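Residue numbers (my numbering), protein chains in the order written: chain A, 1 to 712; chain B, 713 to 869. See structure below.
Printed below as a string of structure tokens:
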């Protein structure tokens with residue numbers, strides 16, 4: 001696929017509603033259901049003659065609640081009976097492309113913001129057509145009818161007809177040209193905490209993730225991949241592997257050698273018996289220590305300027321006091337609980353794929369190219385994702401492409417399963433970053449100048465996104481959360497070095513904000529103290545022109561009792577961050593033991609994400625983001641020695657556990673603004689809030705993640 | 713052939729006796745509610761009950777499970793009626809949901825042993841189960857809630 005076909009950034013909002021569009025995939029589903037023809041007014045809604053409303057969701061459910069929030073948008077305008085609403089994963093079709101990114105994908109905390117209008121319109125159009133059908137049947141004016149809880153009602157004659165009973169007639173109605181939406185004050189469902197539609201299947205074992213898929217004649221493949229990124233197979237001996245009972249075949253593919261067996265266990269045993277000679281290639285000497293030294297050296301000189309306001313050099317020189325600090329964060333693995341996997345059934349004229357992906361269009365195109373098929377011959381079934389966090393939105397399509405290669409070579413349907421170790425070693429990490437910050441305050445302690453030099457790999461370089469989002473050598477995701485500093489500091493420079501390193505990198509929940517949030521907010525705290533200011537009060541002062549951020553800051557301070565003395569032995573730290581158009585502030589309450597062990601007792605969070613669809617879901621995302629961010633802040637690092645990743649599994653790449661999980665309180669700022677991102681914005685403030693709390697508790701500054709043990 | 717008793721039913725599986733129970737459940741018996749997360753008893757996604765005890769099925773040889781009562785998430789209840797399932801739904805615990813079978817199976821043993829578990833009991837019983845989505849605060853609430861539901865159910869009998 002050519003790049004310009006791949007991505008059309010800034011395309012109009014999806015070309016509207018796709019009224020009247022009947023997808024072949026939906027027609028097949030109708031036949032299979034054995035029901036009379038349902039009413040499918042557009043790509044997103046199907047009204048069954050059994051009164052069941054099926055919302056076809058074009059976003060992947062990876063825990064963020066999108067299989068509930070997008071159906072809520074449809075149900076609100078349709079006036080559906082919520083108990084009759086079901087979800088279904090969309091097939092891959094341009095009708096389901098992201099309205100802004102122009103491909104079918106889930107990411108960037110954009111699912112609700114980008115579909116906010118389209119899904120409501122899909123519901124409203126269906127309602128208008130159902131009402132029109134009833135008007136025709138009863139020979140009354142459509143204006144005299146209303147829809148409520150799954151029925152069309154004629155109040156004057158007390159007649160009622162269920163949506164299902166009108167479905168067939170509605171399918172013959174001309175779709176409306178004008179689809180007005182409700183006044184938000186009339187919302188019945190939007191804004192009310194609503195239980196997730198996918199929960200029941202997730203508590204009885206019936207939820208189907210990619211790894212659970214089984215298709216007729218399927219074998220399981222486990223792959224031996226290069227121990228060093230970019231390594232290649234020179235030769236291999238599979239004699240021992242083939243002798244393992246259950247092993248069917250061993251095939252070489254571009255990524256390594258795949259053992260195919262009648263189940264995971266024999267495939268893994270077979271893989272363990274392979275003897276492979278590798279050419280480790282150019283990355284055989286990768287070392288975190290060496291990279292750190294290189295990054296640190298680069299940080300001492302300014303890079304390409306991403307933002308410049310005023311004259312920072314001059315005002316730093318004239319400042320009453322200046323401070324300098326360097327911050328560093330490591331490579332991070334997404335470590336989704338469900339390791340990567342993909343099922344492929346490849347035939348002469350079709351390629352059917354079952355996987356939990358965030359990146360359908362690209363994956364389908366990659367599969368088509370490998371299979372030698374047209375992309376219309378590739379069918380992707382998006383299963384539930386056992387966590388995504390960005391790892392399953394890979395422009396390199398790694399886990400899908402590899403599975404198609406294996407199916408092609410093995411000539412049987414295969415399920416490729418990555419072991420935890422494979423997943424941990426599989427790359428596409430959050431990049432390692434090194435930040436050097438210099439700040440100056442005047443004689444009253446007010447910040448006058450701020451410079452921030454960022455060093456780290458580009459995520460977008462070499463991807464189809466590069467042409468849109470890398471400008472003048474600056475990857476926008478490298479400087480996000482730094483170049484858009486909200487604080488009113490008069491002289492600011494943010495610059496960037498982008499070293500080229502052979503580690504595959506990718507977006508990781510909150511992307512560039514995941515490191516810039518830490519550096520900016522931890523350094524801000526240092527600068528406040530350098531000027532003798534309370535870090536909360538200084539933030540308030542410098543956010544005078546940022547009412548929404550000031551709003552969450554004040555709310556979190558109030559809820560966390562900022563001015564009061566914390567419980568004995570604890571320190572409080574505060575941080576804010578703006579990302580994915582949402583405003584978040586957090587206060588962490590932390591203690592440090594004599595041995596230096598950090599305990600996060602409580603995190604209070606305030607968020608302004610515009611109008612809220614499902615408040616409980618927003619709270620859940622903030623809670624989850626805080627725990628996710630704490631694992632990174634306290635524990636996680638992917639490091640390299642001799643080109644090899646040093647971590648293997650959850651014993652040496654540790655997650656926060658129940659006993660370490662803090663009490664979390666989330667407060668949502670009521671808002672009538674358009675909805676903004678929710679999945680990611682809760683992550684960036686956690687690490688700096690904790691670092692700042694450690695300073696409050698101990699007087700020690702934390703400038704390197706993971707924090708691990710603090711030297712007290 | 714290995715004879716197993718899974719969720720009250722006698723089944724046989726034609727597998728190597730050294731195969732971990734997890735893969736027999738998933739690949740041979742089609743019980744995919746039990747999940748693979750780490751393969752080394754670090755994450756708890758594969759938790760099942762063996763004679764009423766929570767075990768990590770990814771490191772349990774299937775031959776060691778023969779002749780014992782194995783319960784998986786599919787066998788916890790047939791109709792979402794277990795107090796933990798009710799509480800999990802009421803509090804909307806799951807996000808991605810992948811770890812939740814294991815979480816619930818660990819919690820079920822806790823609840824069977826302690827009618828009213830404390831936060832410390834929960835920490836002890838649940839810290840072997842990782843949730844990458846960070847649903848711990850809700851799991852904690854849901855276990856307390858399930859204990860209430862269970863107690864109410866008993867007093868109503």
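Glycine included, every Cβ here is placed at the ideal spot set by N, Cα and C. Just so you know, these numbers come straight off a predicted model, no measurement behind them.
Beta-carbon contacts of residue i that lie in its chain and below 8 Å, excluding the five residues immediately before and after
i: residue 243 of chain A; result: 273
i: residue 253 of chain A; result: 223, 402, 405, 406, 409
i: residue 374 of chain A; result: 368
Cβ-Cβ distance between residue i and residue j below 8 Å
i: residue 782 of chain B; j: residue 205 of chain A; result: no
i: residue 47 of chain A; j: residue 151 of chain A; result: no
i: residue 658 of chain A; j: residue 834 of chain B; result: yes
i: residue 109 of chain A; j: residue 680 of chain A; result: yes
i: residue 379 of chain A; j: residue 352 of chain A; result: yes
i: residue 787 of chain B; j: residue 742 of chain B; result: no
i: residue 223 of chain A; j: residue 236 of chain A; result: no
i: residue 131 of chain A; j: residue 179 of chain A; result: no
i: residue 793 of chain B; j: residue 745 of chain B; result: no
i: residue 582 of chain A; j: residue 607 of chain A; result: yes
i: residue 720 of chain A; j: residue 688 of chain A; result: Residue 720 of chain A lies beyond the residue range present for chain A, which begins at 1 and ends at 712; the question has no answer from this structure.
i: residue 600 of chain A; j: residue 710 of chain A; result: no
i: residue 637 of chain A; j: residue 330 of chain A; result: yes
i: residue 740 of chain B; j: residue 795 of chain B; result: no
Outcome for residue i when other beta-carbon atoms lying within 10 angstroms are tallied against a minimum of 16
i: residue 118 of chain A; result: buried
i: residue 521 of chain A; result: buried
i: residue 864 of chain B; result: exposed
i: residue 713 of chain B; result: exposed
i: residue 722 of chain B; result: exposed
i: residue 456 of chain A; result: buried
i: residue 460 of chain A; result: buried
i: residue 447 of chain A; result: buried
i: residue 376 of chain A; result: exposed
i: residue 824 of chain B; result: exposed
i: residue 411 of chain A; result: exposed
i: residue 820 of chain B; result: buried
i: residue 674 of chain A; result: exposed
i: residue 300 of chain A; result: exposed
i: residue 363 of chain A; result: buried
i: residue 844 of chain B; result: buried
i: residue 619 of chain A; result: buried
i: residue 28 of chain A; result: Any reading at residue 28 of chain A must be qualified, since the residue scores a pLDDT of 36, below 50, and its modelled position is unreliable; no value is offered.
i: residue 548 of chain A; result: buried
Proximal residues to residue i (C-beta, below 7 Å), its chain only, five neighbours per side dropped
i: residue 488 of chain A; result: 542, 544, 545
i: residue 496 of chain A; result: 303, 304, 306, 454, 474, 478, 479
i: residue 643 of chain A; result: 228, 280, 283, 284, 285, 286
i: residue 685 of chain A; result: 517, 521, 575, 576, 577, 584, 585, 586
Neighbourhood of residue i by C-beta distance below 6 Å, restricted to the same chain and skipping five residues each side
i: residue 78 of chain A; result: 123, 126, 127
i: residue 695 of chain A; result: 701
i: residue 214 of chain A; result: none
i: residue 664 of chain A; result: 603, 623, 626
Chain C within 8 Å of residue i, Cβ atoms only
i: residue 853 of chain B; result: The structure shown has no chain C; the protein chains it does contain are A and B.
### Message
Counting only Cβ-Cβ distances shorter than 7 Å, please list the residues of the segment 592–616 of chain A near chain B, keeping chain order.
### Response
616
### Task
Check distances from the C-beta atoms of the segment 765–789 of chain B to those of chain A and list, in chain order, the residues that come in under 8 Å.
Contact annotation: in the segment 765–789 of chain B, residues whose CB is within less than 8 Å of a CB in chain A are 784, 785, 786, 788, 789.
#### Entry: Selection of the segment 714–735 of chain B by Cβ proximity to chain A, strictly under 8 Å
727, 728, 731, 732, 735
### chain A contacts made by the segment 801–827 of chain B, where a contact means CB separation under 7 Å
801, 804, 806, 807, 808, 809, 810, 811, 812, 813, 816: these are the residues of the segment 801–827 of chain B whose beta carbon lies less than 7 Å from some beta carbon of chain A, given in chain order.
### Query
According to a CB-to-CB cut-off of less than 7 Å, which residues of the segment 562–589 of chain A neighbour chain B?
none
### Task
Check each residue of the segment 392–424 of chain A: if its Cβ is closer than 9 Å to any Cβ of chain B, include it; give the result in chain order.
Flagged, chain order: 417, 419, 420, 421.
#### Entry: Positions along the segment 647–658 of chain A whose CB lies within less than 8 Å of some CB in chain B
649, 650, 651, 655, 656, 657, 658
### Query
What residue ranges within the segment 428–497 of chain A form continuous beta strand (DSSP E) runs of no fewer than 3 residues, ordered along the chain?
Residue ranges of uninterrupted beta strand (DSSP E) with 3 or more members, entirely inside the segment 428–497 of chain A and ordered along the chain, are 433–441, 447–456, 491–497.
### Task
Residues of the segment 263–279 of chain A with a CB closer than 7 Å to any CB of chain B: list them in chain order, please.
263, 264, 265
### Inside the segment 74–111 of chain A only - alpha helix (DSSP H) runs reaching at least 4 residues
none
#### Entry: Segments of 4+ residues assigned as alpha helix (DSSP H) that fall wholly inside the segment 782–847 of chain B
Qualifying alpha helix (DSSP H) stretches, in chain order: 795–803, 812–825, 831–838.
### Task
Jot down the residue ranges of each uninterrupted beta strand (DSSP E) in the segment 340–420 of chain A, minimum 3 residues, whole runs only, in chain order.
341–347, 350–355, 378–382, 414–417
### Query
Taking Cβ-Cβ distances below 7 Å as the criterion, which residues of the segment 306–337 of chain A are in contact with chain B?
Going along the segment 306–337 of chain A in chain order, one finds 335, 336, 337 with a Cβ nearer than 7 Å to chain B.
### Query
Given a limit of 9 Å on CB to CB distance, which residues of the segment 837–850 of chain B reach chain A?
837, 838, 839, 840, 841, 842, 843, 844, 845, 846, 847, 848, 849, 850
#### Entry: Residues from the segment 662–678 of chain A in contact with chain B, defined by Cβ distance under 8 Å
663, 664
#### Entry: Runs of beta strand (DSSP E) lying entirely within the segment 173–252 of chain A, each at least 3 residues, in chain order
Residue ranges of uninterrupted beta strand (DSSP E) with 3 or more members, entirely inside the segment 173–252 of chain A and ordered along the chain, are 219–225, 232–237.
### Query
Any residues in the segment 366–390 of chain A with a beta carbon nearer than 9 Å to a beta carbon of chain B? Which ones, in chain order?
384, 385, 386, 387, 388, 389
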